[in-house]
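When you line the sequence shown up against the working numbering, it's residues 142 to 333, in that order. No residue lacks a Cβ here, since even glycine has one placed at the ideal position from N, Cα and C. Computed from a predicted model, the values in this text were never measured in an experiment.
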Amino acid sequence: MISPTGRLIGRALAVTGTILLTVFAVVGGYLAASTPSRAAITTTAWDAHRQLIEHVQAVVDAQPAGTVFTDRLLEYPHAVLGSGALPADEDGTNPDQPYSYSVDYWVLPVAGWDTWGTTGFTRLVSAMREQGWSIDLKESGFAVGTTTDGYDIVVRTAAGHVTIGGQSPNFPRSQMDRDAVWPSQLASRREA
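So this is what it looks like as structure tokens:
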């Protein structure tokens with residue numbers, strides 16, 4: 142017989158798995174589909190890392206005070222979103238292929254955001270438009286903003302949560318730093 146606590150843990154793990162699979166499938170599918178257009182090397186690894194963080198920080202800074210982007214959710218501590226280097230080709234067989242950086246965060250809701258993430262999604266997309274980025278609304282709850290310097294920022298709602306992620310343009314593989322440090326949280330620098 143399974144205890145009530147065991148059932149609760151089982152449900153939490155099932156929900157976490159569903160959320161992660163949805164986020165990774167959608168974001169990963171989009172990024173993989175965009176790879177062919179990213180074949181050229183257009184930046185350095187250092188610039189890619191720095192600028193990707195700056196672009197995501199610009200979106201959180203446009204949000205109300207208290208907004209936080211984080212790589213983990215308190216209610217699902219094992220649902221950690223990752224950041225790192227991605228090969229330009231999907232199978233990684235070309236030893237000379239360029240790489241890009243990718244970063245992903247959960248968006249923690251603030252007062253006034255609905256529980257299904259619609260308000261948060263709309264605010265994030267509006268913030269990207271205000272930056273002058275082109276916006277491609279892929280489907281309901283899924284948008285890609287492309288910055289003027291070629292970075293893609295992806296906003297997605299799934300299972301009541303909002304995520305934001307991004308991918309840099311390519312840089313030479315020889316510059317890749319697998320140990321690059323990514324902030325675990327980005328918080329709005331707006332004052333209340």
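Per DSSP, reduced to three states, the secondary structure at Ser243 is strand. For Asp212, the three-state secondary structure derived from DSSP is coil. Residue nearest to Met269 within the set Asp188, Gly286, Trp254, Leu278 is Gly286 (criterion: CA-CA distance). Leu278: member of the beta strand (DSSP E) spanning 275-280, first to last residue. Annotation for Thr260: the continuous alpha helix (DSSP H) segment containing it runs 259-271. Using a Cβ-Cβ distance cut-off of 8 Å, the stretch 249-267 and the stretch 223-233 are not in contact, since fewer than three pairs of beta carbons, one from each stretch, lie closer than that value. With contacts defined by Cβ atoms closer than 7 Å, His190 and Tyr240 do not form a contacting pair.
Assignment of Leu222 by DSSP, reduced to helix, strand and coil, places it in the coil class.
Straight-line measurement puts the Cα of Ala252 at about 15 Å from the Cα of Gly301. The Cβ atoms of Thr208 and Val201 lie closer than 7 Å to each other. Here the alpha carbons of Asp232 and Ala199 stand approximately 32 Å from one another. Secondary structure note for Gln192: its alpha helix (DSSP H) is the uninterrupted segment 186-202. One thing to note: Gly261 has its Cβ no nearer than 7 Å to the Cβ of Val322.
Linking Gly282 to Thr185 through their CA atoms gives a straight-line distance of about 32 Å. Take Gly291, set aside five residues on each side of it, and the residues of its chain with a beta-carbon closer than 7 Å to its own are Thr183, Pro310, in chain order. Annotated three-state conformation of Gln308 is strand, per DSSP.
Taking 7 Å as the cut-off, the beta carbon of Ile305 is found no closer than this to the beta carbon of His196. In this chain, the beta strand (DSSP E) harbouring Arg297 covers 293-299. As a beta-bridge residue in DSSP terms, Ala328 pairs with Val209.
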